[in-house]
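Following: one structure in structure tokens, then a few remarks.
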Amino acid sequence: MLNGIFGKSNIKDPYVGLGLGLTVAGAGLVPIFFFVVDSEPLTAVAISLIMLGLVCVALANTRPAISPEASQMMLEAGMENIAALLEELGLSGKAIYLPSSLRDGRSQALVPIRQEYSDIDIRERIPGRLIVRHGKDPQDVGIAVATPGSICLDGLEVKPGPTSTEIESALSTILVGMLDIAGSVSVTANGNRVNVEVSKPKLAYENVWYFRSLGSPVASIAATTVSEAFDKPVVITRDEYKKRKAFIELEVLP
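Numbering (our numbering), first residue to last: 3 to 256.
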């Protein structure tokens with residue numbers, strides 16, 4: 003067990019290095035302060051050093067394998083690739099976020115040829131391909147793409163349920179903890195409408211092709227999470243940024 007904690011790769015971690023230093027120093031000072039100096043206050047300080055050292059080692063094991071900065075870089079790279087694909091195909095309609103039950107086991111976003119999402123009714127599982135048919139009409143065609151939220155949901159230990167509390171907890175874990183792109187999240191649900199308010203978002207809305215179709219990164223992650231929570235298709239109906247806050251409204255489709 004100790005070899006797993008204090009292995010060569012872990013010693014390079016700054017938390018582990020600090021923890022080892024504090025623990026060793028505390029362990030060496032305890033007998034000196036207690037038996038030689040005969041000082042209870044100094045002995046207590048030495049014991050505190052040992053405790054702080056153990057806490058630092060524990061913190062090292064809670065750090066994510068990929069830093070938030072690296073996650074943001076990969077997120078932006080993926081967005082640029084999808085934007086290029088949408089622009090090349092001329093698709094500008096609002097994306098419909100599908101739960102994993104309507105795809106091939108992973109939630110994705112469907113960007114349809116149709117401009118009005120109200121004309122689209124998806125009841126059955128869509129084949130796991132890039133170009134998909136979602137109905138019997140010749141116009142019922144679109145592309146299905148992975149979104150930032152699709153990958154982030156894999157990091158959740160438990161799938162969120164359709165309550166405001168569960169959705170808020172899941173979004174806080176992803177946006178605040180996992181990606182570090184927001185300060186806090188609050189969620190309210192009323193019927194088929196879900197409102198998400200995000201404070202201090204680090205990735206704002208931009209009037210570019212990708213955002214007009216799939217929404218901002220924060221809205222996209224929120225839509226994916228809500229879609230999975232309700233197990234129904236979801237569309238972003240509002241995506242605004244004002245005074246360091248993001249206001250997102252999502253419509254849960256029948």
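Just so you know, even glycine gets a beta-carbon here, dropped at the ideal spot from N, CA and C.
Predicted, not measured: the structure shown is a model, and the values here were computed from it.
Where residue i falls, given that 16 or more other Cβ within 10 Å makes a residue buried
{"i": "I133", "result": "exposed"}
{"i": "T149", "result": "buried"}
{"i": "S202", "result": "Note that residue 202 corresponds to Lys in the displayed sequence, not to Ser. The residue in question, K202, is exposed, as its Cβ has fewer than 16 Cβ neighbours within 10 Å."}
{"i": "S41", "result": "exposed"}
{"i": "S94", "result": "exposed"}
{"i": "V59", "result": "buried"}
{"i": "L91", "result": "exposed"}
{"i": "E159", "result": "exposed"}
{"i": "E170", "result": "buried"}
{"i": "G1", "result": "Here the chain has residues from 3 to 256 only, and residue 1 is not among them."}
{"i": "A46", "result": "exposed"}
{"i": "A191", "result": "buried"}
{"i": "V113", "result": "buried"}
{"i": "V39", "result": "exposed"}
{"i": "G21", "result": "buried"}
{"i": "G28", "result": "buried"}
Simplified DSSP assignment, three categories, for residue i
{"i": "I34", "result": "helix"}
{"i": "E159", "result": "coil"}
{"i": "P114", "result": "strand"}
{"i": "V237", "result": "strand"}
{"i": "I49", "result": "helix"}
{"i": "V26", "result": "helix"}
{"i": "N12", "result": "Model confidence at N12 stands at a pLDDT of 43, short of 50, so the residue's coordinates are unreliable; what they give is reported in the following sentence. It is helical."}
{"i": "A248", "result": "strand"}
{"i": "I84", "result": "helix"}
{"i": "V39", "result": "coil"}
{"i": "L91", "result": "helix"}
{"i": "E126", "result": "coil"}
{"i": "L2", "result": "The displayed coordinates of the chain run from 3 to 256. Any statement about residue 2 would go beyond what the structure contains."}
Through-space distance from residue j to residue i, alpha-carbon basis
{"i": "G6", "j": "L54", "result": "Low per-residue confidence applies at G6: pLDDT is 42, beneath 50, and the placement is therefore not dependable, though the value from the model is reported in the following sentence. Cα-Cα distance, rounded: 20 Å."}
{"i": "V187", "j": "I238", "result": "17 Å"}
{"i": "I115", "j": "G179", "result": "36 Å"}
{"i": "L51", "j": "F37", "result": "18 Å"}
{"i": "S109", "j": "F249", "result": "23 Å"}
{"i": "F35", "j": "K161", "result": "52 Å"}
{"i": "I145", "j": "S103", "result": "17 Å"}
{"i": "R105", "j": "L24", "result": "51 Å"}
{"i": "D142", "j": "R135", "result": "6 Å"}
{"i": "T167", "j": "V189", "result": "7 Å"}
{"i": "V228", "j": "G30", "result": "54 Å"}
{"i": "E253", "j": "V26", "result": "57 Å"}
{"i": "A48", "j": "L173", "result": "41 Å"}
{"i": "P235", "j": "T165", "result": "16 Å"}
{"i": "A111", "j": "K96", "result": "10 Å"}
{"i": "E89", "j": "T175", "result": "32 Å"}
{"i": "D2", "j": "L181", "result": "Since the displayed the chain opens at 3 and closes at 256, residue 2 lies outside it and no answer follows."}
{"i": "I98", "j": "L56", "result": "48 Å"}
{"i": "K211", "j": "K247", "result": "One detail in the question is off: residue 211 reads as Trp in this sequence, not Lys. Approximately 22 Å, taken between the alpha carbons."}
{"i": "V18", "j": "V32", "result": "21 Å"}
{"i": "D139", "j": "I128", "result": "15 Å"}
{"i": "V147", "j": "F213", "result": "14 Å"}
Pick from the options that is closest to residue i, judged by C-alpha positions
{"i": "L155", "options": "P43, I49 and A224", "result": "A224"}
{"i": "A231", "options": "L100, L91 and G92", "result": "L100"}
{"i": "K244", "options": "T226, E253 and L205", "result": "L205"}
{"i": "E242", "options": "I49, E199 and D139", "result": "E199"}
{"i": "G130", "options": "E208, G137 and G107", "result": "G107"}
{"i": "G163", "options": "G193, D233 and L87", "result": "D233"}
{"i": "G151", "options": "K247, R127, S218 and L255", "result": "S218"}
{"i": "A221", "options": "G185, W211 and L177", "result": "L177"}
{"i": "S215", "options": "P256, A86, R195 and V196", "result": "A86"}
{"i": "R195", "options": "F213, G157, E251 and I84", "result": "E251"}
{"i": "I153", "options": "P43, G19 and M81", "result": "M81"}
{"i": "L255", "options": "P43, E118, V147 and D139", "result": "E118"}
Check: residue i C-beta below 8 Å from any heavy atom of the ligand SAM
{"i": "F249", "result": "This structure does not include the ligand SAM; it has no bound ligands of any sort."}
Item to check | Complete alpha helix (DSSP H) runs within the segment 144-223 (minimum length 4 residues, chain order) | outcome: Correct list: 150-154, 166-173 and 211-216.
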